[in-house]
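Structure first, then comments.
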Amino acid sequence: MKKYYTVRSSVYCWSKSFMLLIVLLLISNVNFAQSSIPFELTPQGHILLKAKVNGVEGSFIFDTGAGLTLITKAFSDKIGKVHKQDGSYTGFRATGEKLNADLYDVQSLLIGSFAEHNPVVTIFDVNLGPIDGLISLLSFKEQPLTIDYVNKKIIFETEKSMAGIRKSGHQVGLQLEDARDKALTIFAYFIVNDKLTLQFSIDSGAGNNVYRLNSQFISALAIDTVNAKKIVIPSEFNPALKSVIYQANVKSIQAKATSAIQCTNVQASFIDGLIYDGIVSLNWIGKQVTFDLKRKEMIVR
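Reminder that position 22 of the sequence shown reads as 5 in my numbering, one-by-one numbering, no gaps.
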């Protein structure tokens, strides 16, 4: 009897260890398995993807300049189970326009295999046509990702894949404006006309080939405002507020960290009242752009 008990105990312990090993292998595979989600690139250069909020699918623009994730009032009416926070968030658009945003807790945000539980969003009663909102970088403070313009997909990276990306790409340090864990914007330093080193917001939501600079640099860059095209654009949120913009040629914009990232002879917009040195779109920076916000870096291939 004693011998039988000993053998059975050994088999039980071996089985338990085997099952534990299988679980660990499964966890390991999950941690090192890349996943991705396709996106559509609109004619304007916006990254349009499918995502689910509270299990309801919608069409969203992936916007690195959005600050916080936004859903439209029409879409919020579909998803239910939205809890309004007592507090709110006051921010500023790049043009200096003040925006007061109510904050809401939702149950989940799903983008492909990526899942965030209990994210915070804002809801605006705006008509974005077929677009249900904007997805910001706030959800990805711990999750590295790659925007692949070649294959039109967003790749959720792993520690293993990031090691290879760092070896093959050009690394650019990022500065993060993390506003009380409620909004997140990213910046990097660029050299304009081989003369000024300016900190630009990197904004995938700006569209294709967008270069915006604060009008205070017009004199230093010797911009001819007399012959420059001048336009006035009203705000989408408050038409009474208008931005004055001068459009002129800029000889070069180059990432301070590497000469591999640069553009020449581009049409730039000089904007009165811009709260940043400048804003640039993402598409011209690289065909594959990886963001690792935890390490405050952008890697371009």
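Ideal Cβ placement from N, Cα and C applies to all residues, glycine included.
For residue i, the residue or residues it bridges with in DSSP
| i | result |
| --- | --- |
| Gly50 | Leu167 |
| Val89 | BP columns for Val89 are empty, so no partner. |
| Pro217 | Lys225 |
| Ser252 | Arg195, Gln230 |
| Tyr172 | Gln182 |
| Glu40 | Lys35 |
| Ile94 | Phe97 |
| Leu159 | Ile169 |
| Thr55 | Phe107 |
| Gln154 | Ile282 |
Among the options, nearest to residue i - alpha-carbon criterion
| i | options | result |
| --- | --- | --- |
| Gly133 | Lys277, Ile268, Leu276, Asp275 | Correcting the residue type first, residue 133 is Val in the shown sequence and not Gly. Nearest option by C-alpha distance: Ile268. |
| Lys124 | Arg284, Lys277, Met281 | Lys277 |
| Gly116 | Phe58, Thr141, Asp164, Asp69 | Phe58 |
| Thr47 | Arg284, Phe274, Val283, Ile282 | Phe274 |
| Asp85 | Asp69, Pro127, Leu157, Leu204 | Asp69 |
| Ala231 | Asn101, Lys67, Ile254 | Ile254 |
| Val175 | Ala205, Gln27, Lys33, Lys136 | Ala205 |
| Leu53 | Phe173, Ser122, Lys234 | Ser122 |
| Asp177 | Ala77, Gly152, Ala203 | Ala203 |
| Ile20 | Pro26, Ser42, Gln27 | Ser42 |
| Ala49 | Gly112, Leu120, Gly63, His100 | Leu120 |
| Ala162 | Ser235, Gln182, Ser71, Gln250 | Ser71 |
| Gly256 | Glu142, Arg76, Leu24, Gly112 | Arg76 |
| Val155 | Gln182, Gln27, Glu219 | Gln182 |
Cutoff 7 Å; reference residue i; Cβ partners in own chain excluding five residues on either side
| i | result |
| --- | --- |
| Asp208 | One detail in the question is off: residue 208 reads as Thr in this sequence, not Asp. So the list reads Ile201, Tyr229, once near-sequence residues are dropped. |
| His29 | Ile44, Gly188, Gly190 |
| Lys239 | Tyr172, Phe173, Ile174, Thr180 |
| Pro127 | Glu140, Met145, Thr273, Phe274, Asp275 |
Exposure label - residue i; buried when at least 16 CB within 10 Å
| i | result |
| --- | --- |
| Thr105 | buried |
| Glu160 | exposed |
| Val193 | buried |
| Ala98 | exposed |
| Glu280 | buried |
| Asn130 | The sequence given here has Ile at residue 130, not Asn. The residue in question, Ile130, is buried, as its Cβ has 16 or more Cβ neighbours within 10 Å. |
| Thr168 | buried |
| Asn110 | exposed |
| Ser242 | exposed |
| Asn248 | exposed |
| Thr180 | exposed |
| Leu4 | Low per-residue confidence applies at Leu4: pLDDT is 39, beneath 50, and the placement is therefore not dependable, though the value from the model is reported in the following sentence. The residue in question, Leu4, is exposed, as its Cβ has fewer than 16 Cβ neighbours within 10 Å. |
| Lys270 | exposed |
| Ile214 | exposed |
| Leu226 | Note on residue identity: the sequence assigns Ser, not Leu, to residue 226. It counts as buried. |
| Gln285 | Residue numbering for the chain in the displayed model covers -16 to 284; residue 285 lies beyond these limits and cannot be assessed. |
| Val266 | At residue 266 the sequence reads Asn, which differs from the Val that was named. Buried: at least 16 other Cβ atoms inside 10 Å. |
Check whether residue i and residue j have beta carbons under 7 Å apart
| i | j | result |
| --- | --- | --- |
| Asp289 | Asn210 | Residue 289 cannot be examined here, being either before or after the span of the chain that is shown, -16 to 284. |
| Gly95 | Leu82 | no |
| Gly190 | Ser264 | yes |
| Ser187 | Phe170 | no |
| Leu92 | Val39 | no |
| Leu51 | Ala166 | yes |
| Val65 | Val89 | yes |
| Ile118 | Gln17 | no |
| Ile258 | Gly79 | yes |
| Val272 | Ile244 | no |
| Tyr87 | Lys61 | no |
Below-7 Å beta-carbon distance, residue i vs any chain D residue
| i | result |
| --- | --- |
| Val193 | You won't find chain D in this structure, because it holds only one protein chain. |
Close-in-space but distant-in-sequence residues of the same chain around residue i (CB under 8 Å, 5 per side omitted)
| i | result |
| --- | --- |
| Lys56 | Ile106, Phe107, Asp108, Val109 |
| Ile114 | Leu31, Ser42, Phe43, Ile44, Thr55 |
| Ser151 | Arg284 |
Close Cβ partners of residue i (< 6 Å) along its chain, the five nearest in sequence each way excluded
| i | result |
| --- | --- |
| Ser252 | Arg195, Ile228, Gln230 |
| Lys136 | Ser19, Pro21 |
| Lys212 | Gln230 |
| Gln27 | Gly190 |
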